[in-house]
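Reviewing the structure listed below.
Number of protein chains: 4
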Amino acid sequence: MAIETLIRHADATPKRERRKEARPGELLEAALDLFVEKGFSAARVDEVAARAGVSKGTLFLYFQSKEDLFKAVVRENIANQFPTWQEEFKAFEGSSADMLRYALMSWWERIGKTRASGITKLVMSEAQNFPEIATFYQEEVIQPGNALIRRILARGVDSGEFRNLDLEQAVHIIVAPMIFLMMWKHSMGACAASAHIVNPEQFIHMQVDLLLHGMVATPLT
Amino acid sequence: MAIETLIRHADATPKRERRKEARPGELLEAALDLFVEKGFSAARVDEVAARAGVSKGTLFLYFQSKEDLFKAVVRENIANQFPTWQEEFKAFEGSSADMLRYALMSWWERIGKTRASGITKLVMSEAQNFPEIATFYQEEVIQPGNALIRRILARGVDSGEFRNLDLEQAVHIIVAPMIFLMMWKHSMGACAASAHIVNPEQFIHMQVDLLLHGMVATPLT
Amino acid sequence: MAIETLIRHADATPKRERRKEARPGELLEAALDLFVEKGFSAARVDEVAARAGVSKGTLFLYFQSKEDLFKAVVRENIANQFPTWQEEFKAFEGSSADMLRYALMSWWERIGKTRASGITKLVMSEAQNFPEIATFYQEEVIQPGNALIRRILARGVDSGEFRNLDLEQAVHIIVAPMIFLMMWKHSMGACAASAHIVNPEQFIHMQVDLLLHGMVATPLT
Amino acid sequence: MAIETLIRHADATPKRERRKEARPGELLEAALDLFVEKGFSAARVDEVAARAGVSKGTLFLYFQSKEDLFKAVVRENIANQFPTWQEEFKAFEGSSADMLRYALMSWWERIGKTRASGITKLVMSEAQNFPEIATFYQEEVIQPGNALIRRILARGVDSGEFRNLDLEQAVHIIVAPMIFLMMWKHSMGACAASAHIVNPEQFIHMQVDLLLHGMVATPLT
DNA sequence: TATGAATGAGTCTTCATTCAT
DNA sequence: TATGAATGAAGACTCATTCAT
Numbered sequence: 526m527a528i529e530t531l532i533r534h535a536d537a538t539p540k541r542e543r544r545k546e547a548r549p550g551e552l553l554e555a556a557l558d559l560f561v562e563k564g565f566s567a568a569r570v571d572e573v574a575a576r577a578g579v580s581k582g583t584l585f586l587y588f589q590s591k592e593d594l595f596k597a598v599v600r601e602n603i604a605n606q607f608p609t610w611q612e613e614f615k616a617f618e619g620s621s622a623d624m625l626r627y628a629l630m631s632w633w634e635r636i637g638k639t640r641a642s643g644i645t646k647l648v649m650s651e652a653q654n655f656p657e658i659a660t661f662y663q664e665e666v667i668q669p670g671n672a673l674i675r676r677i678l679a680r681g682v683d684s685g686e687f688r689n690l691d692l693e694q695a696v697h698i699i700v701a702p703m704i705f706l707m708m709w710k711h712s713m714g715a716c717a718a719s720a721h722i723v724n725p726e727q728f729i730h731m732q733v734d735l736l737l738h739g740m741v742a743t744p745l746t
Numbered sequence: 526m527a528i529e530t531l532i533r534h535a536d537a538t539p540k541r542e543r544r545k546e547a548r549p550g551e552l553l554e555a556a557l558d559l560f561v562e563k564g565f566s567a568a569r570v571d572e573v574a575a576r577a578g579v580s581k582g583t584l585f586l587y588f589q590s591k592e593d594l595f596k597a598v599v600r601e602n603i604a605n606q607f608p609t610w611q612e613e614f615k616a617f618e619g620s621s622a623d624m625l626r627y628a629l630m631s632w633w634e635r636i637g638k639t640r641a642s643g644i645t646k647l648v649m650s651e652a653q654n655f656p657e658i659a660t661f662y663q664e665e666v667i668q669p670g671n672a673l674i675r676r677i678l679a680r681g682v683d684s685g686e687f688r689n690l691d692l693e694q695a696v697h698i699i700v701a702p703m704i705f706l707m708m709w710k711h712s713m714g715a716c717a718a719s720a721h722i723v724n725p726e727q728f729i730h731m732q733v734d735l736l737l738h739g740m741v742a743t744p745l746t
Numbered sequence: 526m527a528i529e530t531l532i533r534h535a536d537a538t539p540k541r542e543r544r545k546e547a548r549p550g551e552l553l554e555a556a557l558d559l560f561v562e563k564g565f566s567a568a569r570v571d572e573v574a575a576r577a578g579v580s581k582g583t584l585f586l587y588f589q590s591k592e593d594l595f596k597a598v599v600r601e602n603i604a605n606q607f608p609t610w611q612e613e614f615k616a617f618e619g620s621s622a623d624m625l626r627y628a629l630m631s632w633w634e635r636i637g638k639t640r641a642s643g644i645t646k647l648v649m650s651e652a653q654n655f656p657e658i659a660t661f662y663q664e665e666v667i668q669p670g671n672a673l674i675r676r677i678l679a680r681g682v683d684s685g686e687f688r689n690l691d692l693e694q695a696v697h698i699i700v701a702p703m704i705f706l707m708m709w710k711h712s713m714g715a716c717a718a719s720a721h722i723v724n725p726e727q728f729i730h731m732q733v734d735l736l737l738h739g740m741v742a743t744p745l746t
Numbered sequence: 526m527a528i529e530t531l532i533r534h535a536d537a538t539p540k541r542e543r544r545k546e547a548r549p550g551e552l553l554e555a556a557l558d559l560f561v562e563k564g565f566s567a568a569r570v571d572e573v574a575a576r577a578g579v580s581k582g583t584l585f586l587y588f589q590s591k592e593d594l595f596k597a598v599v600r601e602n603i604a605n606q607f608p609t610w611q612e613e614f615k616a617f618e619g620s621s622a623d624m625l626r627y628a629l630m631s632w633w634e635r636i637g638k639t640r641a642s643g644i645t646k647l648v649m650s651e652a653q654n655f656p657e658i659a660t661f662y663q664e665e666v667i668q669p670g671n672a673l674i675r676r677i678l679a680r681g682v683d684s685g686e687f688r689n690l691d692l693e694q695a696v697h698i699i700v701a702p703m704i705f706l707m708m709w710k711h712s713m714g715a716c717a718a719s720a721h722i723v724n725p726e727q728f729i730h731m732q733v734d735l736l737l738h739g740m741v742a743t744p745l746t
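Chains as they are written, first to last, in the numbering used here: chain G, 526 to 746; chain Z, 526 to 746; chain D, 526 to 746; chain L, 526 to 746.
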């Protein structure tokens, strides 16, 4: 998608011409779909090419190898939605509890629910075989994401709304179930036997509730 | 070859050794290693056999297929542990909060910390390509595991120690961070940029604390 | 290797040759040879490919599987002939006795005499191990073949030239010796002790004669 | 069977002792079944051994190789029922037509119908790969069998009951359908799609009828 | 003599990659 | 630049045969 956008901006040439220039973008699109769906090794380059409407040979004209294609796919799709969010959160006026709830729910709407979650699943699944990509993802996605959550928690602690938490740890605890949701959606969740065991919206609701108020009947004194 | 012969004589290792009792265990060991290291489809049965010190044919003497071998690995390393836990939990006498804490920590000691956690990572990564494995794992690991947690929660609710929870959802919320830990350890956790970001023991401690008592400074009234 | 290189230069045969049109035919030729020579299961796809001058992979470009290849061989060499026969028979103007004689003789010329007869031998030899092939053969060769014969007999009965026969049975009686000829040619006929015991043309002549007029000196009254 | 008989006659030792001696016979029995059922290459030596109640290793104690076993099986089972028949035919008093009918029907009862027909199927199927066996069979079974038929035909011709036939050819025409019946029974006849297409008894009846009196309504003048 | 665990060559099939056109 | 025919190195699994016991 990023590449396509760049190309579009570069020149507004008529369709036939652009077609040629757009090839890599179409291939990356198709590859993303297939890598998410089947994983790196089970995805077939024939199918990627076919879905992009070109021949297998053409694919190798743009990408040296399947691995090369994979890396390009992930790099292209690690987009930053974070700046937008940062703006939203700066302007947020409710309680920090509401802010947390809002953050997780909107994360689900914009990332978890969409195809973007497939990238996370993909990166985590193949991290062992592509360490550079894992590092890249860690830096470009996970750390900024964590920073966003950390800011919300810090706000709550500062205002006295939250207990005095170890922020670093707490961030992971918030983030873990979201990552779980994405993994689940693209793995067990896609299998018949366990398809609808986890309902994401309910899951997030309860997650926030428990995180905020705990399970014990007699609260901390 | 002359050298090889010399070595053979030095070790006096017979080419064919009959060790029927020991074989399956040795193969399962090697298989666990390789499955965790490379994933299900990338692990080669030849290599499993070689690492166990036998020929490819011998492997198929003990396991009908690669899938069968994998199932045996899962049973040996994960499923087998459930009965023990069940016993322990039956005999447990402390509070349900302590019980939950104990469950998660001992789960970490016996599974999460060990190579066995790699199995969970692998299953989630490749579930889509091997539906039969996904179903198997769902039935032999996830459902029994969930049942164990559900019993703890039910005990807490029954005794009035916990709030009246939607057990099914709560189970997922307990389990999700554990799955996250396993995924993390075998994906991002293995890359430099994030190696020690998540400390499992601390993570679990805080997870239990937050789950039990919540984050808000002013508890539910 | 030096020699090989020399030869290559001498011939100037390119390693990779693109001959999409010709490939299937060449493969079918080679496959027919090998299937007849070794039987279905003993014939090796590698050897078929090699004999056709292509790599193993190329064979699977044109035929989905060994079984698929075999079916194509059957269609090419046997099943394809039925429409032609049907045309010929439609246009046939002589007596039904002549028609029968012609059918059997031309069957011998076009199938029995050629390598194609080896296919029948092979199918009968291996039918039990490859039920799908047996069914295929039954449907694509035996039934159409029988239908052709049945039509000739029916014509003779209708015209009063033949006695009122049980057509279904009579068809088998006509067909049996033809199958015998094919079996014989590719089994006992290939061994010294019996090489020339059965002369097909004479055999067919006498077969038709006896079938038409019987052996007894005093005919039915 | 032949071997067993020999052994039984040789010594009437108690069961336990004889067991050991009987091994080869039991193996040949089991092997016959399996070779007939599946053919040479599809029959598994494990299964032969298992069916004979011994281990695979034991089989190779008695037979050098699978091929060796195969040859032994066929040799053992080419029994001669011919002398008996010869006696019967010498004493036969009816017409030659009746004699022919009787010969074919009793052949079906004693050979075609029984497991013995499996040997023929086996030998014809594997003749290409075992030429010595084909020769052996030709001499030991086919030629004597043909001689029997030839005598019947000669009797009919001599008595003026039959036309003046080329005996050599006529014999083949009589024998061909019988061989067809055996092949069919053990190949296509064993497949669901065509199980009962050919009814042997009816087939033989009609065969004899047509052979004797022909199909044409207006007989030879 | 009997066992059955162990072997390893051999089989079909797949698929990333190359290259003549 | 684009094609798609051709390649060949794997990979899972089988099975006749061997050999330590």
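Glycine is no exception: its CB is placed at the ideal position from the N, C-alpha and C atoms.
All figures in this text were calculated on a predicted structure; none of them were measured in a lab.
Outcome for residue i when other beta-carbon atoms lying within 10 angstroms are tallied against a minimum of 16
| i | result |
| --- | --- |
| residue 646 of chain D | buried |
| residue 601 of chain G | buried |
| residue 596 of chain Z | buried |
| residue 663 of chain Z | buried |
| residue 582 of chain L | exposed |
| residue 626 of chain G | buried |
| residue 727 of chain Z | exposed |
| residue 725 of chain D | buried |
| residue 594 of chain L | buried |
| residue 584 of chain Z | buried |
| residue 586 of chain L | exposed |
| residue 668 of chain G | exposed |
| residue 732 of chain D | buried |
Which listed residue (the options) has its alpha carbon closest to that of residue i
| i | options | result |
| --- | --- | --- |
| residue 619 of chain G | G:571, G:566, G:600 and G:684 | G:684 |
| residue 631 of chain G | G:606, G:600, G:740 and G:655 | G:606 |
| residue 734 of chain Z | G:690, G:573 and G:656 | G:690 |
| residue 715 of chain L | D:658, D:740 and D:730 | D:658 |
| residue 633 of chain D | D:545, D:732 and D:703 | D:703 |
| residue 656 of chain D | D:542, D:565 and D:544 | D:565 |
| residue 687 of chain Z | G:740, G:576 and G:590 | G:740 |
| residue 729 of chain G | G:613, G:628, G:612 and G:608 | G:628 |
| residue 677 of chain G | G:591, G:613 and G:576 | G:613 |
Residue i to residue j span [Cα, whole Å]
| i | j | result |
| --- | --- | --- |
| residue 660 of chain L | residue 598 of chain L | 15 Å |
| residue 701 of chain L | residue 638 of chain L | 16 Å |
| residue 713 of chain G | residue 548 of chain Z | 32 Å |
| residue 636 of chain G | residue 642 of chain G | 6 Å |
| residue 562 of chain G | residue 588 of chain G | 20 Å |
| residue 679 of chain L | residue 624 of chain D | 31 Å |
| residue 615 of chain L | residue 742 of chain L | 35 Å |
| residue 671 of chain G | residue 570 of chain G | 35 Å |
| residue 542 of chain D | residue 580 of chain D | 11 Å |
| residue 545 of chain Z | residue 574 of chain Z | 14 Å |
| residue 682 of chain G | residue 608 of chain Z | 43 Å |
Nearest-angstrom Cβ-Cβ length linking residue i and residue j, presumed shorter than 8 Å
| i | j | result |
| --- | --- | --- |
| residue 578 of chain D | residue 551 of chain D | 7 Å |
| residue 568 of chain D | residue 559 of chain D | 4 Å |
| residue 610 of chain Z | residue 673 of chain Z | 6 Å |
| residue 737 of chain D | residue 622 of chain D | 5 Å |
The region 647-660 of chain L contacting the region 696-706 of chain D, beta-carbon criterion three pairs below 8 Å: no
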